[in-house]
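A.B. asks:
6 protein chains.
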Amino acid sequence: MGETIDVSEETLGKLRKCGQGTLTTQLFKRGYRQQFLVGLAPLSKDTGSFAGEAFTLRFIPSREDKDWDLGDLRKRGEDNVQWEAVEAIQAGQVLVIDSRNDPRAASAGNMLMTRMMRKGVAAAITDGAFRDGTEISGMAFPAYCRANTASTRPAYHRAVAMQQPIGCADVAVYPGDIIVGDADGVTVIPRHLAKEVADDSYEQELREKFLFTKVDAGASLFGTYPPDAATLAEFETWKAAGNTL
Amino acid sequence: MGETIDVSEETLGKLRKCGQGTLTTQLFKRGYRQQFLVGLAPLSKDTGSFAGEAFTLRFIPSREDKDWDLGDLRKRGEDNVQWEAVEAIQAGQVLVIDSRNDPRAASAGNMLMTRMMRKGVAAAITDGAFRDGTEISGMAFPAYCRANTASTRPAYHRAVAMQQPIGCADVAVYPGDIIVGDADGVTVIPRHLAKEVADDSYEQELREKFLFTKVDAGASLFGTYPPDAATLAEFETWKAAGNTL
Amino acid sequence: MGETIDVSEETLGKLRKCGQGTLTTQLFKRGYRQQFLVGLAPLSKDTGSFAGEAFTLRFIPSREDKDWDLGDLRKRGEDNVQWEAVEAIQAGQVLVIDSRNDPRAASAGNMLMTRMMRKGVAAAITDGAFRDGTEISGMAFPAYCRANTASTRPAYHRAVAMQQPIGCADVAVYPGDIIVGDADGVTVIPRHLAKEVADDSYEQELREKFLFTKVDAGASLFGTYPPDAATLAEFETWKAAGNTL
Amino acid sequence: MGETIDVSEETLGKLRKCGQGTLTTQLFKRGYRQQFLVGLAPLSKDTGSFAGEAFTLRFIPSREDKDWDLGDLRKRGEDNVQWEAVEAIQAGQVLVIDSRNDPRAASAGNMLMTRMMRKGVAAAITDGAFRDGTEISGMAFPAYCRANTASTRPAYHRAVAMQQPIGCADVAVYPGDIIVGDADGVTVIPRHLAKEVADDSYEQELREKFLFTKVDAGASLFGTYPPDAATLAEFETWKAAGNTL
Amino acid sequence: MGETIDVSEETLGKLRKCGQGTLTTQLFKRGYRQQFLVGLAPLSKDTGSFAGEAFTLRFIPSREDKDWDLGDLRKRGEDNVQWEAVEAIQAGQVLVIDSRNDPRAASAGNMLMTRMMRKGVAAAITDGAFRDGTEISGMAFPAYCRANTASTRPAYHRAVAMQQPIGCADVAVYPGDIIVGDADGVTVIPRHLAKEVADDSYEQELREKFLFTKVDAGASLFGTYPPDAATLAEFETWKAAGNTL
Amino acid sequence: MGETIDVSEETLGKLRKCGQGTLTTQLFKRGYRQQFLVGLAPLSKDTGSFAGEAFTLRFIPSREDKDWDLGDLRKRGEDNVQWEAVEAIQAGQVLVIDSRNDPRAASAGNMLMTRMMRKGVAAAITDGAFRDGTEISGMAFPAYCRANTASTRPAYHRAVAMQQPIGCADVAVYPGDIIVGDADGVTVIPRHLAKEVADDSYEQELREKFLFTKVDAGASLFGTYPPDAATLAEFETWKAAGNTL
């Protein structure tokens, strides 16, 4: 499985320094049209950047005979998959929930978020809703969702499996994929591309940092962005002078 | 698992004689709000009734590195799950596909439909689209979908697993659930309820067949539908006279 | 109230002879942008034309404490408003249901349709769904809806009032408005405009019947549709010769 | 009618101390699936909590002959129902507007909000839009909507009745229901359940306040949330020590 | 411009013999994900196949100062672009209208359809609605739309330009692209690909005609569809025997 | 063309002092139902007011043969229309992009925004998405969109023309129309109405500033808003005393 491909901390570190626009552009150059989770936003505008491997959780619609008893949260196993997932996920991983884009009930709330934050989980993402959004937005834990809905999960969702391939916001997510995010949103990087996307994104980001100074100073786009030979030479000089992200 | 609960041919036979309105009413009386697949319609208006157990197939969004090679349909196993599913499903079963309600590419076309029809599969259902709708609508095979879309499956979908619990048109479907349909659409009956729903639905359908004759003759709803004691007695007499569905 | 304005059978007769395109054009000329019920279609393609005054029925979302008992259909009054409405509506009227554009449960089924058909009701319209669509499509009774959904009404709807102003498919409908429909759909005519819209629509329809013969014979649109003076003169001759709709 | 059931200030006070997640969970335990107004958010992130009884206002689509004259706001009665409603609503009540989920025109703006705030109204809610969102977000008055739209109400809405049962964001609201909200959104509590939901929610909230300290300190969910016997005993000791919300 | 690339009648003839599923598969093999017009359907189920080059017409939202006067249809030029387009389009071409996926008013009705049919236009397509759907469905003229809406075009649309690049049902359409359709829907083929797509689609269609006989006779998908070497050899023999589409 | 109508800086100055609610009300009085861009919001809540003439840019869906090469941004002309537009737009103008309401890829990002800001462009608006939302929200440049999406433009959009009439958020926008916005959103004013709308809006805004003091002090709506003769007289006195916006 792809999960056996090693992704180094250096790669994750580079990814954390790159914006989502840069990452999606690098993925697009490799033929990937849409790896950004459209419609999901962080609960807090102060959300910092993160990168980690995906730990997936899959929901299906709830049904009255299986999910209507709120007292079952002490159970282990198949009737309490969400609790099992929150305990199984490891430090540095990112929880990605397939809620079928349905925000009518919460995928999780502040108690589960707190548990994950204390375990060192990197972030939590649903294509549905979270509850307790105000409290979560005050935590140092990146949480992304489509909406803030208080209704309890079993009203519309059953957690049915973890660590399977899923869809999230219409993007395929395989366990072990590298998930990167910041205040602008979240990008899914196929695990086998993590290193090359990180390297090329870092270089692109650095170049755009330089080019931005030109555009901000009034340069025309033509010749500057993208750079012509003269501008590229200037960039190389700037970079050689030790400028970094 | 629920699949070990026996569902007799007699039960399936009763279910085939009942309309979707009757079945959903019986399910509602047991607390199930929505077991009808809203938004899905048969490709042919001449679709007859069917009942059989669910064989599930799960799609996630396709991705350029995994699904972009149309030549892989000779492969076996995880990279060709849809072909495996069509060969694995058995006579009398109903294929239910979770296409995440996305009609932008076809879940299947007439070739796979023909294969299943010839195997004795009872019906095929997707909450996305089928292609070759005109040809399929001429086949003696019930096929339900949200739309008729020609685009090939890997444009938007990857078949990732079979016989897992899924959602279809926002309704939970577990392998082995009993799926019943006719020209009006499809209802999902939790397997453990199949017998009691069949028995009570048959009785309700019979009673309404009688009550219809009264309403059709000009009776007021009050006293007739639902019936008062006098009307009920008339019904019992009518039924004792050997009238059936 | 507007209901006191008389609308003659002659006016209704003219309206039944006019297409929805003509009626909406005449309403547009009077400043009414959208009086057509977008998204609603007849259950049968063979639906003939009808015209009658609106009898309105208003639904709100159902709630578990009020609508979860299917046994209450023998009750009279506020807990069984739909049954009361079907009995209260009179021959020649048109039932218009505000289902909040929500097709997840049926607004009514074939039993209530049959009752209304036998009473001489002109048509039934919902901006949600009907159940038993196949049976209803075989009846000589125009029925319009957004979808065909089997689930029983109280799953999502409570009938809460009759003969109030409502919205239907985003169009205002006041009790007594004139509702006209055919196989192409339904138009709502404010009651006070019924006569003038009928008269002008009849004239427009007659003129277009003539102009169609010209276009069908190969005439350019310019000069013909709309007609110039020469073509108008031809029309007047044609009309004077006794041609009618 | 339910409005005759007394709801004490103590009950309202307890409700104000409870989060929406707790309230919806208590309602779910009583069989109510969705009483949260999905998709509506407060105009200000600093919105405090409130609780009060619903005063309802119902909109239908506007029509060119009735709503196109902006000069009619001096009128009394049926042609100016919104003004009448703002004057009729009393201190402590909550205005709930059924805008048919349509945000294309404003349900109200800062002038009406100011009038209600000065009268002591507790909050205003629409499932459509408000205008003047920036000004309203600076007022000490909770206002919830789906969007901020400047267009004047009669462009799409006519206020047609007050104090009728309505739908708001797909939830039934009866006059007199208890409406509770905070920065996370709004929950509708059927009036006859207000006291028991308040009592049980208060107790749940208190228990979760305690349990949070355990989870925040690194405890596993299993044994803690929900609590086992040992944890419950700890909670009782903590509570007996006088800890409150 | 691409319009200068010749597309022969032989190519068009081949395209007319191929199903949309074949055409979209051939386009997908060349990297085109979605060239099918999702959500558009023919007004008549008896619609035959057609192929021709695109003549485009672009709508924007109407505005009260420009489009509210229905009397301007005698004008020439920029205030009557739709009439100009219907007169400018030539025999064999296909009218493709960008209605911004908005079905709230008709893109055209039976009079314009009749004019185009008599001129020899191959088909008319809108991603909005047509009016007079019942009449059009009886004409020998393929017409595709999202809905059947009577309301007159200026209620929501202004025809602003012809023969510009447009979007239709979220697919790019350039003047001169080859448009192919049948009862299953419509596919857009970039003009420069018309010949190779026609040739390869014809060959694929022929092969599938043969393979269908095998699947229909009970063959497993594996080995047959797609064919293995033995099956391919059988096909070549069958083809050499003179079998054609 | 309308662009030849002069719009003075005094007119623009008045427009900047008026809220969107006032502007849309004045337009509604002239028969314009919806000139507000529903669903678009500024990236920064601190966005100040602006007014300027529209410079339009039109997108269609991208296609793999034309838009899949990110290296073409050095080109001039038809294959790089967006870059041309950013260089062609002049100080004081407002960029309005028709993205077909599709937020799946970014209409532009911070580099183009910076270029425009430095050129003195007044604002940028798309009915799709921007990328780099966090950075843009920190710039002194009003930017309005439906969402914040990182994916690069050619994934879904091709810039195909500038300075044509377009739709933006379902509102017609002609080059030269006057665009006004603030933290509440954006209104489109047909150019020929700019002066009269500015004058009447300024007067309305001033009157409402006065009336607000009455309502804020506890006055009833009736008699105050709208004002009766006595209140109007008070206003005139207040205005005569030199009070201004």
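Protein chains in written order, with the numbering used here: chain A, 207 to 451; chain B, 207 to 451; chain C, 207 to 451; chain D, 207 to 451; chain E, 207 to 451; chain F, 207 to 451.
Beta carbons are placed, not taken as given, at the ideal position from N, Cα and C, and that holds for glycine.
Could you give the DSSP three-state label for F:G208: helix, strand or coil?
C.D. replies: Here residue 208 of chain F refers to the residue found at position 2 when the sixth sequence is read from its first residue. In this prediction, F:G208 has a pLDDT of 48, which is less than 50 and means its spatial position is unreliable; what the coordinates show is noted afterwards. The answer is helix: DSSP assigns F:G208 an H, G or I state.
A.B. asks: By how many angstroms is the C-alpha of E:M345 removed from the C-alpha of E:Q296?
C.D. replies: The residue labelled residue 296 of chain E in the question sits at position 90 within the fifth sequence. The residue labelled residue 345 of chain E in the question sits at position 139 within the fifth sequence. Taking the straight line joining both Cα atoms gives about 19 Å.
A.B. asks: Just reading off the beta strand (DSSP E) that B:R264 is part of, what are its end residues?
C.D. replies: The residue given as residue 264 of chain B occupies position 58 in the second sequence. Looking at the DSSP string, the run of the beta strand (DSSP E) that includes B:R264 is F256 to P267.
A.B. asks: Leaving out the 5 sequence neighbours to the left and right, which residues in its chain are closer than 6 Å to D:M207 when beta-carbon positions are compared?
C.D. replies: Taking the first residue of the fourth sequence as position 1, residue 207 of chain D is located at position 1. Reliability fails at D:M207, whose pLDDT of 44 lies under 50, so the model's placement of it is uncertain and the value that follows must be treated cautiously. None.
A.B. asks: Among all the DSSP beta bridges, which residues are the ones paired with B:T393?
C.D. replies: Taking the second sequence and counting its residues from 1, one reaches residue 393 of chain B at position 187. For B:T393, which the question treats as bridged, DSSP gives the partners B:F242 and B:V386.
A.B. asks: What is the C-beta distance between C:Y350 and E:M317, in whole angstroms, given that I count them as a contact (C-beta under 8 Å)?
C.D. replies: Within the third sequence, numbered from 1, the residue matching residue 350 of chain C stands at position 144. Within the fifth sequence, numbered from 1, the residue matching residue 317 of chain E stands at position 111. That pair is no contact at about 25 Å.
A.B. asks: With a cut-off of 8 Å on the beta carbons, I'd call E:A330 and E:A314 a contact; round off their distance for me.
C.D. replies: The residue labelled residue 330 of chain E in the question sits at position 124 within the fifth sequence. The residue labelled residue 314 of chain E in the question sits at position 108 within the fifth sequence. Going by Cβ atoms, the distance from E:A330 to E:A314 rounds to 7 Å, so yes, they are a contact pair.
A.B. asks: Please check if any C-beta of chain F sits within less than 8 Å of the C-beta of D:G339.
C.D. replies: For the purposes of this step, residue 339 of chain D is identified with residue 133 of the fourth sequence, where counting begins at 1. Closer than 8 Å: yes.
A.B. asks: Could you name the residues that DSSP lists as bridge partners for E:L301?
C.D. replies: Here residue 301 of chain E refers to the residue found at position 95 when the fifth sequence is read from its first residue. The partner list for E:L301 (beta bridge, DSSP) reads E:F261 and E:A330.
A.B. asks: By Cβ distance below 8 Å, which residues in the same chain neighbour D:W444 in space, the five residues on each side in sequence not counted?
C.D. replies: Residue numbering aside, residue 444 of chain D sits at position 238 when the fourth sequence is read from its first letter. Here the set comprises F416.
A.B. asks: Run through DSSP, which three-state label would A:V379 get?
C.D. replies: Here residue 379 of chain A corresponds to residue number 173 of the first sequence, with the count starting at 1. Strand at A:V379.
A.B. asks: What residues are listed by DSSP as bridge partners for F:Y350?
C.D. replies: Indexing the sixth sequence from 1 puts residue 350 of chain F at position 144. Bridge partners of F:Y350: F:P248 and F:I331.
A.B. asks: Could you tell me whether the Cβ atoms of F:V287 and D:P309 are closer together than 8 Å?
C.D. replies: Position 81 of the sixth sequence holds residue 287 of chain F. Position 103 of the fourth sequence holds residue 309 of chain D. Not in contact: F:V287 and D:P309 (Cβ atoms no closer than 8 Å).
A.B. asks: So with CB distances below 8 Å, who are the chain D contacts of A:R280?
C.D. replies: Position 74 of the first sequence, counted from the start, is the residue given in the question as residue 280 of chain A. Residues of chain D passing the Cβ test: F428, P432 and D434.
A.B. asks: Less than 8 Å between CB atoms is the rule here; does B:A312 satisfy it with respect to chain A?
C.D. replies: To locate residue 312 of chain B, count along the second sequence from 1; it is residue 106. Closer than 8 Å: no.
A.B. asks: For a cutoff of 8 Å on Cβ pairs, would you count A:M207 as touching chain B?
C.D. replies: Walking along the first sequence from the start, residue 207 of chain A turns up at place 1. Here the model assigns A:M207 a pLDDT of 44, short of 50, so the residue's position is not dependable, and the following value carries that caveat. So, not an interface residue.
A.B. asks: Against chain I, with Cβ distances strictly below 8 Å, would F:T355 count as a contact?
C.D. replies: Given the protein chain composition of this structure (A, B, C, D, E and F), no chain I is represented.
A.B. asks: Taking just the CA atoms, how far does D:W274 sit from B:A247?
C.D. replies: Translated into the one-based positions of the second sequence, residue 247 of chain B becomes position 41. Translated into the one-based positions of the fourth sequence, residue 274 of chain D becomes position 68. Distance between the alpha carbons of B:A247 and D:W274: 41 Å.
A.B. asks: Please tell me whether C:E290 and C:G283 are closer than 8 Å, where the distance is taken between their beta carbons.
C.D. replies: By one-based count along the third sequence, residue 290 of chain C stands at place 84. By one-based count along the third sequence, residue 283 of chain C stands at place 77. Against a cut-off of 8 Å, the Cβ pair of C:G283 and C:E290 comes out as a contact.
A.B. asks: To the nearest angstrom, report how far apart C:D434 and C:R413 are at their CA atoms.
C.D. replies: Taking the first residue of the third sequence as 1, we reach residue 434 of chain C at position 228. Taking the first residue of the third sequence as 1, we reach residue 413 of chain C at position 207. Computed Cα separation, rounded: 12 Å.
A.B. asks: Which same chain residues, not among the five before or five after B:S357, have their C-beta less than 7 Å away from its C-beta?
C.D. replies: Stepping through the second sequence from its first residue, residue 357 of chain B is reached at position 151. Only R310, A311 and A312 meet the Cβ criterion.
A.B. asks: Tell me the residue span of the beta strand (DSSP E) that contains F:V213.
C.D. replies: Working through the sixth sequence from its first residue, we reach residue 213 of chain F at position 7. Element bounds for F:V213: n/a, residue is neither H nor E.
A.B. asks: Quick test of your reading: F:V386 and F:L263, contact by CB under 8 Å. State the CB separation rounded to the nearest angstrom.
C.D. replies: Taking the sixth sequence and counting its residues from 1, the one referred to as residue 386 of chain F is at position 180. Taking the sixth sequence and counting its residues from 1, the one referred to as residue 263 of chain F is at position 57. Contact doesn't hold; Cβ gap of about 19 Å is too wide.
A.B. asks: Helix, strand or coil: which one does DSSP assign to E:G227?
C.D. replies: As a first step, residue 227 of chain E is located in the fifth sequence; it is residue number 21 there, counting from the start. Residue state, collapsed to three classes: helix.
A.B. asks: For the region 280 to 294 of chain C, which residues have a beta carbon sitting closer than 8 Å to at least one beta carbon of chain B?
C.D. replies: Flagged, chain order: R280, R282, W289, V292 and E293.
A.B. asks: For A:A353, count the other beta carbons within 10 Å of its own beta carbon; 16 or more makes it buried, fewer makes it exposed. Which is it?
C.D. replies: Along the first sequence, read from residue 1 onward, the residue named residue 353 of chain A stands at position 147. With 16 or more other Cβ atoms within 10 Å, it is buried.
A.B. asks: Would B:R324 pass as an interface residue toward chain E - the criterion being a Cβ-Cβ separation below 8 Å?
C.D. replies: Stepping through the second sequence from its first residue, residue 324 of chain B is reached at position 118. By this cut-off, B:R324 is an interface position.
A.B. asks: Roughly how many angstroms separate the alpha carbons of E:D406 and E:Q232, rounded to a whole number?
C.D. replies: Stepping through the fifth sequence from its first residue, residue 406 of chain E is reached at position 200. Stepping through the fifth sequence from its first residue, residue 232 of chain E is reached at position 26. C-alpha separation (whole angstroms): 7 Å.
A.B. asks: Less than 8 Å between the beta carbons of F:I303 and F:R364, yes or no?
C.D. replies: If you number the sixth sequence from 1, residue 303 of chain F lands on position 97. If you number the sixth sequence from 1, residue 364 of chain F lands on position 158. Cβ atoms of F:I303 and F:R364: not closer than 8 Å.
A.B. asks: Determine which residues share a DSSP beta bridge with C:R359 and list them.
C.D. replies: Position 153 of the third sequence, counting from 1, holds the residue named residue 359 of chain C. DSSP lists no partner for C:R359.
A.B. asks: What does the Cβ neighbour count give for B:G225, buried or exposed, with the cut at 16 atoms within 10 Å?
C.D. replies: Indexing the second sequence from 1 puts residue 225 of chain B at position 19. Buried: at least 16 other Cβ atoms inside 10 Å.
A.B. asks: What number of angstroms, rounded off, separates the C-alpha of E:G424 from the C-alpha of F:T340?
C.D. replies: One-based indexing of the fifth sequence puts residue 424 of chain E at position 218. One-based indexing of the sixth sequence puts residue 340 of chain F at position 134. Roughly 59 Å separates the two Cα atoms.
A.B. asks: Look at the Cβ atom of B:F234, then the Cβ atom of C:A361, and state whether they are nearer than 8 Å.
C.D. replies: For the purposes of this step, residue 234 of chain B is taken as residue 28 along the second sequence, with counting starting at 1. For the purposes of this step, residue 361 of chain C is taken as residue 155 along the third sequence, with counting starting at 1. It is a contact, given that the beta carbons lie within the stated cut-off.
A.B. asks: Starting from B:I342, follow the alpha helix (DSSP H) in both directions and report where the run begins and ends.
C.D. replies: For the purposes of this step, residue 342 of chain B is taken as residue 136 along the second sequence, with counting starting at 1. First-last of the alpha helix (DSSP H) with B:I342: G339 to S343.
A.B. asks: F:F242 versus chain D: which residues are under 7 Å apart at the beta carbon?
C.D. replies: Start at 1 with the first residue of the sixth sequence, and residue 242 of chain F comes out as number 36. Going along chain D in sequence order, the residues near F:F242 (Cβ under 7 Å) are T355, A356 and S357.
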